[in-house]
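Our numbering numbers the first residue of the sequence shown as 2 and each following residue consecutively.
One structure below.
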Amino acid sequence: MWRRSFSSGSSVGATSALKDKKWDALVIGGGHNGLAAAAYLARGGLSVAVLERRHVIGGAAVTEELVPGFKFSRCSYLQSLLRPSIIKELELARHGMKLLKRSPSSFTPCLDGKYLLLGPNKDLNHSEISKFSKQDADAYPRYENQLEKFCEFMDPLLDSAPPESLQCESSCSVGDRIKNKMHNSMFWARCLRQAATLGQKDMVDFMDLLLSPASKVLNNWFESDVLKATLATDAVIGTTGSVHTPGSGYVLLHHVMGETDGEHGIWSYVEGGMGSVSLAISNAAKEAGAHIVTCAEVQQLLINDSGTVNGVLLADGSQVHTSMVLSNATPYKTFKELVPDNVLPDDFINAIKYSDYSSGTTKINLAVDRLPQFKCCKLSHPDAGPQHVGTIHIGSESMEEIHSACQDAVNGLPSQRPVIEMTIPSVLDNTISPPGKHVINLFIQYTPYSPSDGHWGDPVYRESFAQKCFNLIDEYAPGFSSSIIGYDMLTPPDLEREIGLTGGNIFHGAMGLDSLFLMRPVKGWSNYRTPLHGLYLCGSGTHPGGGVMGAPGRNAARVALEDVNKPLK
Numbered sequence: 002m003w004r005r006s007f008s009s010g011s012s013v014g015a016t017s018a019l020k021d022k023k024w025d026a027l028v029i030g031g032g033h034n035g036l037a038a039a040a041y042l043a044r045g046g047l048s049v050a051v052l053e054r055r056h057v058i059g060g061a062a063v064t065e066e067l068v069p070g071f072k073f074s075r076c077s078y079l080q081s082l083l084r085p086s087i088i089k090e091l092e093l094a095r096h097g098m099k100l101l102k103r104s105p106s107s108f109t110p111c112l113d114g115k116y117l118l119l120g121p122n123k124d125l126n127h128s129e130i131s132k133f134s135k136q137d138a139d140a141y142p143r144y145e146n147q148l149e150k151f152c153e154f155m156d157p158l159l160d161s162a163p164p165e166s167l168q169c170e171s172s173c174s175v176g177d178r179i180k181n182k183m184h185n186s187m188f189w190a191r192c193l194r195q196a197a198t199l200g201q202k203d204m205v206d207f208m209d210l211l212l213s214p215a216s217k218v219l220n221n222w223f224e225s226d227v228l229k230a231t232l233a234t235d236a237v238i239g240t241t242g243s244v245h246t247p248g249s250g251y252v253l254l255h256h257v258m259g260e261t262d263g264e265h266g267i268w269s270y271v272e273g274g275m276g277s278v279s280l281a282i283s284n285a286a287k288e289a290g291a292h293i294v295t296c297a298e299v300q301q302l303l304i305n306d307s308g309t310v311n312g313v314l315l316a317d318g319s320q321v322h323t324s325m326v327l328s329n330a331t332p333y334k335t336f337k338e339l340v341p342d343n344v345l346p347d348d349f350i351n352a353i354k355y356s357d358y359s360s361g362t363t364k365i366n367l368a369v370d371r372l373p374q375f376k377c378c379k380l381s382h383p384d385a386g387p388q389h390v391g392t393i394h395i396g397s398e399s400m401e402e403i404h405s406a407c408q409d410a411v412n413g414l415p416s417q418r419p420v421i422e423m424t425i426p427s428v429l430d431n432t433i434s435p436p437g438k439h440v441i442n443l444f445i446q447y448t449p450y451s452p453s454d455g456h457w458g459d460p461v462y463r464e465s466f467a468q469k470c471f472n473l474i475d476e477y478a479p480g481f482s483s484s485i486i487g488y489d490m491l492t493p494p495d496l497e498r499e500i501g502l503t504g505g506n507i508f509h510g511a512m513g514l515d516s517l518f519l520m521r522p523v524k525g526w527s528n529y530r531t532p533l534h535g536l537y538l539c540g541s542g543t544h545p546g547g548g549v550m551g552a553p554g555r556n557a558a559r560v561a562l563e564d565v566n567k568p569l570k
């Protein structure tokens with residue numbers, strides 16, 4: 002396939018340059034978290050090299066031109082979760098990151114001719130929701146205010162390592178033990194103060210949100226099916242769970258805790274595609290002195306006789322030496338494939354092995370020759386309207402529709418009527434498609450990793466599912482299928498093979514309540530350190546989890562710098 006990618010890395014002569022010195026730190030994987038970690042390590046005074054397996058940096062936050070003239074955000078496609086501290090400290094705007102706010106931010110067409118628009122405009126929201134329920138229109142601002150209050154409670158937890166127990170209890174000095182206990186005591190005291198500020202009623206509501214199915218939360222707030230379904234999509238996106246799955250309320254919160262330019266819950270496009278986020282972070286890392294190398298696949302970690310990290314072995318047989326490695330790969334890839342056998346404790350390996358890496362996600366990127374014309378809008382002109390600006394929810398008119406789609410996957414089948422989130426970034430970004438033509442992203446659920454009725458490696462089976470998705474969109478926007486110039490499709494096995502996501506899971510591991518905070522990636526190792534001295538995790542498989550957030554990379558770098566007694570600038 003013809004392709005063009007956008008990279009700031011280099012592989013020409015890179016291997017020999019890597020071998021010429023012993024690095025203070027190596028980062029495995031040039032995804033956005035790995036690049037963020039490299040930037041902070043370099044700013045802390047360390048010599049750092051980033052080793053990226055693919056020909057392009059970015060990991061899942063990448064821009065690739067797979068159809069001539071059309072630049073796809075191939076995996077992740079929206080920005081909101083990237084931590085404000087990272088944007089400010091690394092000066093990402095100066096390094097080329099430009100955010101394009103979406104207003105309205107959501108459009109749900111209905112087959113009966115109605116539709117729902119939502120966005121940052123409160124008057125628009127009230128008017129739109131009133132078409133379905135006056136009661137819901139009045140309740141919606143209170144719902145948003147409550148979620149924002151919960152996000153403010155969670156926010157400080159995202160930018161620091163969890164208060165983990167001391168992992169070297171028997172060998173650490175008395176001073177280290179006292180320091181760890183003081184740090185953890187201060188953390189929990191701060192949490193208690195925040196909880197007291199929140200108040201008991203809100204705290205109970207917060208726990209209810211964390212533990213309950215999204216369907217219960219939304220049913221308690223609203224009566225309109227289309228509003229509940231539109232909001233419920235945030236609770237299941239990227240998961241294999243249903244809206245009725247306990248704990249799905251947290252995923253809903255996870256997807257509204259972001260912001261754009263200080264406005265909470267606002268998701269934006271990035272000019273040039275999501276690869277521009279990674280490119281900006283890489284520019285900041287290189288300015289600080291980091292060395293970034295593409296086409297440099299790590300085959301295995303090197304361990305010295307004392308049982309500590311000594312470097313990495315590349316797929317081409319060359320060795321690169323260091324005493325510190327930060328892995329942006331998934332926990333499974335890191336510990337089961339990169340670390341040699343019989344190095345890690347059995348209980349730790351078993352916990353990693355039996356973590357949930359399942360995925361029900363498929364991403365289709367399309368090049369089209371015209372915008373979709375939705376029947377419910379009763380418009381026929383070719384120009385972009387408010388319905389094209391935000392996330393377009395297809396096949397999500399009720400929570401039961403979403404649940405039914407999930408049940409198909411539970412039974413081993415791709416959803417008969419998939420849940421589709423459609424975005425058209427070229428409406429706001431004229432740099433990613435030719436004039437008059439557009440880029441469309443389809444984020445699709447639910448697609449089992451190993452379907453019982455076929456195989457994703459079968460071109461006929463793949464095409465059949467793609468056409469099922471296009472035909473569903475045709476029901477809402479007649480003629481959509483005929484507008485397609487070309488497309489790229491990534492099923493769970495494709496996401497695993499091409500992007501390195503174990504099981505195709507976009508979060509590097511499920512975001513269930515048993516896999517968060519002190520239990521991410523596994524109990525006892527939530528602070529980015531690992532049982533192998535000198536090895537750290539810095540990817541989405543660590544706290545605070547998935548999404549283009551950057552917090553795992555920043556937090557891991559701070560912990561690593563603390564361990565080498567280098568102050569962070």
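Glycine included, C-beta positions come from ideal geometry on N, C-alpha and C.
CA-to-CA distance, Phe466 to Ser416, given in whole angstroms: For this step, residue 416 is matched to residue 415 along the sequence shown. For this step, residue 466 is matched to residue 465 along the sequence shown. Whole-angstrom Cα-Cα distance: 9 Å.
Contacting residues, own chain, Cβ-Cβ under 7 Å from Trp3 (five flanking each side not counted): On the sequence shown, position 2 is the one that residue 3 refers to. Here Trp3 scores only 41 on pLDDT, less than 50, and its place in the model is too uncertain to base an answer on.
Check this for me: beta carbons of Pro494 and Tyr450, under 8 Å apart or not? Your numbering for residue 494 matches position 493 in the sequence shown. Your numbering for residue 450 matches position 449 in the sequence shown. Yes.
Among all the DSSP beta bridges, which residues are the ones paired with Leu372? As a working note, residue 372 is residue 371 in the sequence shown. Bridge partners of Leu372: none, in fact.
Going by DSSP, what residue range makes up the beta strand (DSSP E) through Leu536? Locating residue 536 in the sequence shown gives position 535, counting from the first residue. Following the DSSP letters along the chain, one finds Leu536 inside the beta strand (DSSP E) bounded by residues Leu536 to Leu538.
Give me the Cβ distance between Thr240 and Ala511, rounded to the nearest whole Å; I'm assuming they're in contact under 8 Å. Taking the first residue of the sequence shown as 1, we reach residue 240 at position 239. Taking the first residue of the sequence shown as 1, we reach residue 511 at position 510. Between Thr240 and Ala511 a beta carbon distance of about 7 Å is seen, short of the 8 Å cut, so the two are scored as contacting.
Beta-ladder partner(s) of Thr261, from DSSP: As a working note, residue 261 is residue 260 in the sequence shown. BP columns for Thr261 point to Glu264.
Give the DSSP-derived three-state secondary structure of Trp189 in the structure shown. As a position in the sequence shown, residue 189 is number 188, starting the count at 1. Trp189: helix per DSSP, three-state reduction.
Please report the distance separating the alpha-carbon of Pro568 from that of Arg559. Translated into positions along the sequence shown, residue 568 becomes position 567. Translated into positions along the sequence shown, residue 559 becomes position 558. Its pLDDT being 46, under 50, Pro568 is placed unreliably by the model, and the measurement read from it follows with that caveat. Going by the C-alpha atoms only, they are around 8 Å apart.
Within 10 Å of its beta-carbon, does Gly437 have 16 or more other beta-carbons around it, so buried, or fewer, so exposed? Residue mapping note: residue 437 aligns to position 436 of the sequence shown, counting from 1. Around the beta carbon of Gly437, a 10 Å sphere encloses fewer than 16 other beta carbons of the protein chains shown; the residue is thus reported as exposed.
Spatial neighbours of Glu264 within its chain, please: C-beta separation below 7 Å, excluding the five flanking residues on both sides. Position 263 of the sequence shown, counted from the first residue, corresponds to residue 264. Within the same chain, and ignoring the five residues on either side of Glu264 in sequence, the residues whose Cβ sits closer than 7 Å to its Cβ are Pro121.
Just to confirm, is the Cβ distance from Ser269 to Ser81 under 8 Å? Walking along the sequence shown from the start, residue 269 turns up at place 268. Walking along the sequence shown from the start, residue 81 turns up at place 80. Yes.
As a quick exercise: from Ile365, Asn311 and Leu429, pick the residue whose alpha carbon is nearest that of Cys470. For the purposes of this step, residue 470 is taken as residue 469 along the sequence shown, with counting starting at 1. Nearest neighbour of Cys470 by Cα position, chosen from Ile365, Asn311 and Leu429, turns out to be Ile365.
Would you tell me roughly how many angstroms separate the C-alpha atoms of Gly14 and Asp306, rounded to the nearest one? Counting from 1 along the sequence shown, the entry for residue 14 is found at position 13. Counting from 1 along the sequence shown, the entry for residue 306 is found at position 305. In this predicted model, Gly14 has a pLDDT of only 46, less than 50, meaning its place in the structure is not dependable enough to derive any value.
Could you round the C-beta distance between Ser279 and His56 to whole angstroms and report it? I think they count as a contact, below 8 Å. Start at 1 with the first residue of the sequence shown, and residue 279 comes out as number 278. Start at 1 with the first residue of the sequence shown, and residue 56 comes out as number 55. Between the beta-carbon of Ser279 and that of His56 there is about 14 Å, and that puts the pair past the 8 Å contact cut.
If you scan the region 87-174 from start to end, which runs of the beta strand (DSSP E) of 3 or more residues do you find wholly inside it? Taken in chain order, the unbroken stretches of beta strand (DSSP E) that lie wholly in the region 87-174 and span 3 residues or more are 100-102, 107-110 and 116-119.
With a cut-off of 8 Å, do at least 3 Cβ pairs link the region 536-544 to the region 325-332? Taking a cut-off of 8 Å on C-beta distances, the region 536-544 touches the region 325-332, as three or more cross pairs fall below it.
Looking at Val244: is its Cβ nearer than 8 Å to the Cβ of Met400? Here residue 244 refers to the residue found at position 243 of the sequence shown. Here residue 400 refers to the residue found at position 399 of the sequence shown. Yes, the Cβ-Cβ distance between Val244 and Met400 is below 8 Å.
When the Cβ atoms of the region 286-294 are set against those of the region 31-51, are three or more pairs found closer than 8 Å? The region 286-294 is in contact with the region 31-51.
Buried or exposed, going by whether 16 or more other CB atoms sit within 10 Å of the CB of Val252? The sequence position of residue 252 within the sequence shown is 251, counting from 1. With 16 or more Cβ atoms within 10 Å of its Cβ, Val252 is classed as buried.
Exposed or buried, what is Arg103 when buried is set at 16 or more other beta-carbons lying within 10 Å of its beta-carbon? In the sequence shown, residue 103 corresponds to position 102, counting from 1. Of the other Cβ atoms in all chains shown, 16 or more fall within 10 Å of the Cβ of Arg103; this residue is therefore buried.
Quick check: Ile485 and Val369, are their CB atoms within less than 8 Å of each other? For this step, residue 485 is matched to residue 484 along the sequence shown. For this step, residue 369 is matched to residue 368 along the sequence shown. In this structure, Ile485 lies near Val369, with their beta-carbon atoms less than 8 Å apart.
Can you find the residues in the same chain that come closer than 6 Å, C-beta to C-beta, to Ala18, ignoring five residues on each side of it along the sequence? Position 17 of the sequence shown, counted from the start, is the residue given in the question as residue 18. Nothing meets the Cβ criterion.
Among Tyr488, His509 and Gly487, whose alpha-carbon lies nearest the alpha-carbon of Leu496? To locate residue 496, count along the sequence shown from 1; it is residue 495. Considering only Tyr488, His509 and Gly487, the residue with the shortest C-alpha distance to Leu496 is His509.
Please work out which residues of its chain come closer than 7 Å, Cβ to Cβ, to Asn528, disregarding the five sequence neighbours upstream and downstream, and give them in chain order. By one-based count along the sequence shown, residue 528 stands at place 527. Apart from sequence neighbours up to five positions away, the residues of its chain that approach Asn528 with a beta-carbon distance below 7 Å are Ala162, Pro163, Glu165 and Val560, ordered along the chain.
Roughly how many angstroms lie between the CA atoms of Thr362 and Gly505, to the nearest whole one? Position 361 of the sequence shown, counted from the first residue, corresponds to residue 362. Position 504 of the sequence shown, counted from the first residue, corresponds to residue 505. So the alpha carbons of these two residues sit roughly 7 Å apart.
Return the Cβ separation of Ala297 and Leu315 in integer angstroms, given the expectation that the two are a contact with Cβ distance under 8 Å. Along the sequence shown, one-based indexing puts residue 297 at 296. Along the sequence shown, one-based indexing puts residue 315 at 314. Confirmed, about 6 Å.
So within the region 29-58, which uninterrupted alpha helix (DSSP H) runs reach at least 4 residues, ignoring any that extend past its ends? Segments of the alpha helix (DSSP H) lying fully in the region 29-58: 33-44.
How would you call Asp21, buried or exposed, if buried means at least 16 neighbouring beta carbons within 10 angstroms? As a working mapping, residue 21 is identified with position 20 in the sequence shown. Label assigned to Asp21: exposed.
Please state the DSSP three-state secondary structure of Val529. Counted from its first residue, the sequence shown places residue 529 at position 528. The displayed chain sequence assigns Tyr, not Val, to residue 529. Correct three-state label for Tyr529: coil.
On a Cα-Cα basis, can you pick out the residue from Leu91, Lys99, Ser74 and Lys229 that is closest to Ile130? Taking the first residue of the sequence shown as 1, we reach residue 130 at position 129. Relative to the Cα of Ile130, the nearest Cα in the group Leu91, Lys99, Ser74 and Lys229 belongs to Lys229.
Using DSSP with H/G/I as helix, E/B as strand and the rest coil, what is Gly504? The residue given as residue 504 occupies position 503 in the sequence shown. In this structure, Gly504 counts as helix in the three-state DSSP scheme.
Check whether the Cβ atoms of Leu302 and Leu345 sit closer than 8 Å, and answer yes or no. Here residue 302 refers to the residue found at position 301 when the sequence shown is read from its first residue. Here residue 345 refers to the residue found at position 344 when the sequence shown is read from its first residue. With contacts defined as CB atoms closer than 8 Å, Leu302 and Leu345 fail to qualify as a contacting pair.
How would you write the range of the beta strand (DSSP E) that Ile441 sits in, first residue to last? Taking the first residue of the sequence shown as position 1, residue 441 is located at position 440. Taken as a continuous stretch (DSSP letters only), the beta strand (DSSP E) holding Ile441 covers His439 to Gln446.
Close-in-space but distant-in-sequence residues of the same chain around Ala385 (CB under 7 Å, 5 per side omitted): Translated into positions along the sequence shown, residue 385 becomes position 384. When the five nearest sequence neighbours on each side are left out, the beta carbons in the same chain lying within less than 7 Å of the beta carbon of Ala385 are those of Leu372 and Val428, in order along the chain.
If you draw a straight line from the C-alpha of Pro1 to the C-alpha of Val523, how long is it? This structure leaves residue 1 out entirely; the chain is present only between 2 and 570.
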